[in-house]
Amino acid sequence: MAGGLRQRSVAIRRYGITYKGGIYLKKNKTMIVVFLTPAVLLFLGIFLYPIIRTVIMSFFKIDGVTDSMDLWKFVGFGNYTKLMSTSLFKTSFFNLFRIWLIGGLVVMSLSLLFAVILTSGIRGKKFFRAIIYMPNIVSAVALATMWLQYVYSPRYGLLKDLFTALHLDNLAKIQFLDNDHKFWALLFAYCFGMVGYHMLIWLSGIERISPEYYEAATIDGATKPAQFRYMTLPLLKGVFKTNITMWSVSSVGFFVWSQLFSTVTADTQTITPYVYMYMQIFGGGNTVTERNAGLGAAIGVLLSVCVVIVFTICNRVIKDDDLEF
Amino acid sequence: MGMKKKMLSATLCAVMVGSLAAPAFTVQAADDTLVYWSMWEATEPQGQVIQEAVDAYTEQTGVKVDLQFKGRTGNREALQPALDGGTQIDIFDEDIDRVNGMYGKYLLDLEDLAKDNDYEATANAGLMAACRDAGGGTLKTIPYQPNVFAFFYNKDLFEQAGITEEPKTWDEFKDVCQKLKDAGITPMTMDDAYATCVIGYHLARLVGEDKVKEIVTEGEWDDPAVLQMAQDIEELASNGYYSEMVGSNVWPAGQNTELALGTAAMYLNGSWLPNEVKEMAGPDFHWGCFAYPALTDGANGIETNNFGAQVFGINKDTKLAKEAFDLITFLTKGEYDQKLADETVGIPADTTNTEWPAMVECAKPVIEQSTNRFTWACGVESNVDMTPVIKENFIKLMAGSITADEFVSTMQDAAK
Amino acid sequence: MAKEKEARRPFNLKKEVKLLPGYIILLLWVIFTIALLGWVFGASFSTTAEIFQGKALKFESGLHFENYAKAWNGAGVAGFFGNSLIYSVISCTILILVCAPAAYVLSRFDFIANKFIQTSFVSAMGVPAIMVVLPLFSIISGMGILNNVAAGRTVLIILYVGINVPYTTIFLLTFFSNISRTYEEAAAIDGCPPMRTFWKIMFPMAQSGIVTVTIFNFINIWNEYFLSLIFASSDKLKPVAPGLYGMINSMKYTGDWAGMFAAVIIVFLPTFILYIFLSEKIIGGVTGGIKG
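Residue numbers (my numbering), protein chains in the order written: chain V, 1 to 325; chain W, 1 to 416; chain B, 1 to 292.
Structure representation (structure tokens):
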């Protein structure tokens with residue numbers, strides 16, 4: 001296989017990868033069917049019925065999420081228009097957007113930076129990789145408690161002590177969990193936990209790039225930053241797409257962190273559509289409130305649509321076929 | 001094709017290993033086994049006492065019980081789908097209003113069973129009445145682990161400030177706050193999680209719970225009572241009666257670091273509070289308790305309180321109604337009721353169990369004087385679309401970062 | 001391969017100095033992480049009062065091992081771990097066997113339903129789990145098979161696999177699409193049938209992606225909460241998350257925060273050890289395989 005790798009890089013340089021279709025690839029209908037069937041069947045079995053049901057439910061007023069259909073009350077687009085006119089839902093969507101955009105920028109750049117450093121030939125790579133990924137496998141309950149009760153504490157918090165030690169008294173005085181700062185406190189804590197996950201995705205992409213490319217480039221006199229800009233980045237386009245998709249999917253499901261940063265009742269700074277949906281399906285807090293699983297379903301549909309839009313845009317903008325050399 | 005076959009056989013093998021890894025026998029289903037989905041966790045004291053009681057019950061009666069600890073959210077999320085799907089669940093429990101309200105249609109009417117067993121002879125009349133009320137006039141649930149929501153305070157700090165009487169009216173309350181403040185003690189603190197209970201209580205004292213619900217669901221924030229309430233709270237805030245931390249306290253910071261460690265004197269909370277903070281407060285903490293004070297020209301006084309309980313309900317489709325009721329009786333009377341109270345620092349349900357755990361003894365007068373009931377947060381959380389907005393702005397009001405007028409106008413805007 | 005080459009690299013001062021900024025950035029982050037997790041670890045041996053006084057790491061009253069005893073108390077922890085292990089290992093294996101071929105086909109061939117399948121998979125990931133799980137529960141619970149342990153296990157595994165199919169497939173897509181087609185062509189010229197080519201050549205070439213997605217799947221399924229909460233109708237079926245989150249919750253409800261952190265560590269440690277073990281083993285195994 002070592003020979004194969006060399007052969008590969010030669011072939012890539014010679015033909016480029018802008019190769020569509022293929023001589024032998026056309027005649028394989030059996031292969032397509034055989035390879036796809038298990039995945040598609042499982043998908044249909046687990047998702048098709050629930051998804052269709054969710055879409056239908058979003059046009060009804062339904063008390064309990066498992067109520068039989070004769071208890072549903074048709075409201076047309078009522079659930080959607082109600083959502084659009086509810087300021088709390090708009091707030092929750094705005095929060096989600098902020099988390100997705102700002103958090104996305106922060107997490108993507110930090111995780112890429114770490115991945116690049118890790119593959120630049122430093123020592124202790126496995127150690128660093130394991131530690132950076134570690135927050136991901138600690139339960140969110142623990143992570144959030146740690147941030148809430150330790151890092152952000154206005155009495156003995158890590159940040160307070162740190163800023164005091166650096167004589168940044170204005171920063172040390174900030175109450176990180178009051179209404180003005182709570183969102184940012186939540187976002188930062190969440191990003192901290194997510195960096196490792198996306199770093200692993202970048203890493204697996206970078207490691208797949210054959211080292212011969214870099215050796216060849218180094219011989220040709222290309223500097224490290226130049227190699228990064230002209231080789232690593234273009235080759236990572238596909239992985240970038242994966243990262244954005246995964247980030248969008250996990251942002252959409254933003255729930256546990258919100259709940260932990262505001263126990264019992266939701267909070268305007270931390271509420272997300274998923275939390276709002278939860279309140280509509282299971283009732284909010286300790287009071288028995290009116291429930292509407294149909295409204296929850298409508299939120300589910302809207303969130304799915306958002307993910308599809310992001311994915312489509314990604315596919316349009318980043319075509320991983322046309323890698324440039 | 002060879003690879004494909006290999007893959008298939010690997011898949012099949014994996015599935016078979018998975019399904020055969022455990023001996024194939026049935027878990028429940030047997031008709032003589034009671035299935036009880038519990039709201040507690042197996043490792044918390046309630047769960048442990050209940051497990052013990054259930055074992056004792058099985059030993060005494062021979063009735064097998066399949067006890068599943070689902071936890072609070074577990075029951076809230078999974079119970080109704082399971083009941084709808086026809087899963088055998090004979091007994092389940094949760095908060096009084098939730099069981100009667102959300103699961104009402106699955107409940108067996110317990111009037112006859114209660115009468116046959118003379119259950120009410122030793123049950124708290126107020127709670128039984130509350131259950132009937134929540135059940136739409138008939139008894140569908142049996143209460144246990146009662147609780148009451150009131151001001152809990154540090155008796156030593158009151159003494160230190162020279163306070164001898166618990167306040168009953170708003171003026172007396174403000175007087176108490178001032179004395180505490182003069183003695184260099186922070187009169188009150190709050191956590192975000194319970195902020196809505198403060199506004200709920202104050203509004204409900206002024207106009208009653210029904211009107212509170214109307215205000216939050218119909219958006220009647222221009223009601224004069226809202227402004228009145230906001231001004232009262234603003235006065236407390238501007239006099240420095242709230243801790244500086246109320247703006248940023250995320251539960252349990254306030255109760256654990258301020259109340260329990262003795263820097264703040266009062267905290268409006270449920271009677272579960274002493275148990276929650278006992279590790280921080282230590283054995284020498286002397287608890288006091290008084291009902292939310294009466295307001296001038298208010299709709300009600302200290303006889304109306306937010307008290308409640310967890311309740312047991314029996315599935316109307318059960319084949320073992322008698323056994324189920326027996327088990328409930330076993331859990332809520334005599335030995336195990338007392339044990340549950342002792343282990344959880346809770347309040348007994350059986351009126352013949354008169355020995356309350358010392359830490360909650362202080363709540364006894366409040367429970368005994370309560371003849372009318374508010375629900376959770378006195379109805380102020382009835383509108384999920386408004387609750388977070390109420391919470392945000394009310395915390396700001398307590399923290400003194402907005403005025404009463406600003407509070408009212410923000411709420412009016414938000415309700416549009 | 002490259003990694004091993006670097007591990008054996010002799011010390012070269014000039015090169016290390018060039019890498020210094022990288023080291024500093026990583027070290028800062030790592031110190032921060034260790035400080036945080038170390039605090040949790042320390043807090044698990046402290047007392048609740050000390051934690052809330054900000055003295056969690058001073059251990060003025062000594063080390064409190066009883067926190068662990070309290071958190072462990074009564075729960076069938078070993079059983080939960082065993083269940084999680086069964087579910088994750090089997091589901092991850094099936095997932096790779098099912099999704100890798102599908103991802104390969106989707107990345108390589110233009111056919112009518114291709115984009116449609118991809119978009120369906122992606123939108124499925126956006127559908128909240130609650131909306132998928134509850135209707136399924138109604139159906140399965142209606143079949144009355146949940147009372148049987150073996151059936152319960154099979155149902156859970158099928159669900160874990162099914163729920164993760166879109167994610168795994170979409171994840172692997174990119175990895176296959178980035179592999180040059182020259183390999184298949186070379187194999188085709190040598191007369192190797194395409195499906196064999198996939199398993200012999202393409203599958204090993206996507207190893208970094210496969211390992212990564214398996215780690216993610218493994219940790220997802222290991223920590224999965226909602227599905228097992230609803231479908232694991234008996235303690236014999238319960239995996240780690242609902243079992244041990246119960247522990248965390250009960251410590252929280254009783255105000256025993258030191259015990260809660262102990263519970264966190266109990267949940268965390270086996271996962272972490274497995275994570276290290278798994279990632280190294282699999283990377284080592286597949287890399288070794290590719291050379292032969």
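Beta carbons: idealized from backbone N, C-alpha and C, even for Gly.
Could you tell me which chain B residues have their CB closer than 8 Å to the CB of C151/V, listed as they occur along the chain? For clarity, residue 151/V is Val in the given sequence; the question names Cys instead. Simply L36.
F137/B and G85/W: beta carbons closer than 9 Å? In terms of Cβ geometry, F137/B and G85/W form a close pair [threshold 9 Å].
Counted within 10 angstroms of its Cβ, other Cβ atoms place F81/B as buried (16 or more) or exposed: Classified as buried, F81/B has 16 or more neighbouring CB atoms from the shown chains inside 10 Å of its CB.
Over what stretch of residues does the beta strand (DSSP E) that includes W37/W continue unbroken? From DSSP, the beta strand (DSSP E) with W37/W extends over 33 to 38.
Does any CB atom of chain V fall closer than 9 Å to the CB of W376/W? W376/W counts as touching chain V.
Just verifying my parser: in three-state terms, what is the DSSP assignment at A172/V? Residue state, collapsed to three classes: helix.
Coarse secondary structure for G308/W, derived from DSSP in three states: Reduced to three states, the DSSP call for G308/W is strand.
Are V408/W and W221/W touching if we call contact CB-CB under 9 Å? Yes, these two residues count as a Cβ contact at 9 Å.
May I have the straight-line CA-CA distance separating F194/B from E184/B, to the nearest angstrom? Rather than Phe, the amino acid found at residue 194/B in this sequence is Pro. For P194/B and E184/B, the distance between alpha carbons rounds to 7 Å.
Of the choices E290/V, V195/V, M279/V, whose alpha-carbon is the least far from that of E77/W? Per the Cα distances, M279/V.
Pull the bridge partners of M188/W from the DSSP assignment, please. Answer is Y242/W, M266/W, bridged to M188/W.
Three-state secondary structure (DSSP) at K55/B? The answer is coil: DSSP assigns K55/B none of H, G, I, E or B.
Sheet register partners of T141/W (DSSP bridge): Per DSSP, G313/W.
Between N422/W and chain B, is any beta-carbon pair separated by less than 9 Å? Any answer about residue 422/W is impossible in this case: the structure gives chain W only from 1 up to 416.
Interface residues of chain B facing T245/V [CB-CB closer than 7 Å]: Taking the beta carbon of T245/V as reference, the chain B residues within 7 Å of it are V122, I170, listed in sequence order.
Using a Cβ-Cβ cutoff of less than 7 Å, which residues in the same chain neighbour K168/W once the five nearest sequence positions on both sides are dropped? Apart from the 5 residues on each side of it in sequence, K168/W sits with its Cβ closer than 7 Å to the Cβ of P293, A294, I302 in its chain, given in chain order.
Is the shortest distance between the beta-carbon of I143/B and the beta-carbons of chain V less than 9 Å? According to the sequence shown, residue 143/B is Met rather than Ile. The C-beta of M143/B comes no closer than 9 Å to any C-beta of chain V.
For Y49/V and F116/B, what's the separation of their Cα atoms in angstroms? Using only the alpha carbons, I get a separation of about 17 Å.
Since V65/V and W247/V should fall inside the 8 Å C-beta cutoff, what is the C-beta to C-beta distance between them, to a whole number of angstroms? Not really, about 28 Å apart at Cβ, beyond 8 Å.
Which parts of the region 128 to 159 of chain B are runs of the alpha helix (DSSP H), unbroken and 4 residues or longer, counting only runs that do not cross its ends? Counting only unbroken stretches of 4 or more residues, the alpha helix (DSSP H) elements lying wholly within the region 128 to 159 of chain B are 129 to 143, in sequence order.
M260/B, buried or exposed, once every other Cβ within 10 Å from all chains shown has been counted against 16: It is buried - the Cβ of M260/B has at least 16 other Cβ atoms within 10 Å.
State the DSSP-derived secondary structure class of R291/V, mapped to helix, strand or coil. If DSSP states are grouped into helix, strand and coil, R291/V belongs with coil.
Using a Cβ cut-off of 9 Å (strictly closer), state whether A142/V contacts chain B. Contact of A142/V with chain B is assigned, a C-beta pair being separated by under 9 Å.
Classification of L12/W by the beta-carbon crowding that lies within 10 angstroms, buried from 16 upward: In this predicted model, L12/W has a pLDDT of only 42, less than 50, meaning its place in the structure is not dependable; the value taken from the coordinates is given anyway. By the beta-carbon neighbour count (other beta carbons within 10 angstroms, threshold 16), L12/W is exposed.
If we define contact as Cβ-Cβ less than 9 Å, is F60/V a contact residue for chain B? False, the Cβ-Cβ gap to chain B never drops below 9 Å.
Spell out whether any CB of chain V is found under 9 Å from the CB atom of I367/W. Not one chain V Cβ lies under 9 Å of I367/W.
Cβ neighbour criterion (16 or more within 10 Å) applied to Q48/W: The residue in question, Q48/W, is buried, as its Cβ has 16 or more Cβ neighbours within 10 Å.
At which residues does the alpha helix (DSSP H) containing W247/V begin and terminate? Judged by DSSP secondary structure, W247/V falls within the alpha helix (DSSP H) whose first and last residues are 237 to 252.
Do V138/V and V40/B have their beta-carbon atoms positioned less than 9 Å apart in this structure? Going by C-beta atoms, V40/B is nearer than 9 Å to V138/V.
In or out: A266/V buried (at least 16 other Cβ within 10 Å) or exposed? Residue environment analysis places A266/V among the buried positions, since at least 16 neighbouring C-beta atoms fall within 10 angstroms of its C-beta.
Cutoff 9 Å: A49/B Cβ touching any chain W Cβ: Judged by the 9 Å Cβ criterion, A49/B is in contact with chain W.
Y153/W by DSSP, collapsed to three states: which one? Strand at Y153/W.
What is the DSSP secondary structure of V116/V, counted as helix, strand or coil? If DSSP states are grouped into helix, strand and coil, V116/V belongs with the helices.
Cβ of V138/V less than 9 Å from any chain B Cβ? V138/V counts as touching chain B.
Helix, strand or coil: which one does DSSP assign to W29/B? It is helical.
Note down, in chain order, every chain V residue with its Cβ under 8 Å from the Cβ of T154/B. Simply none; closest approach about 13 Å.
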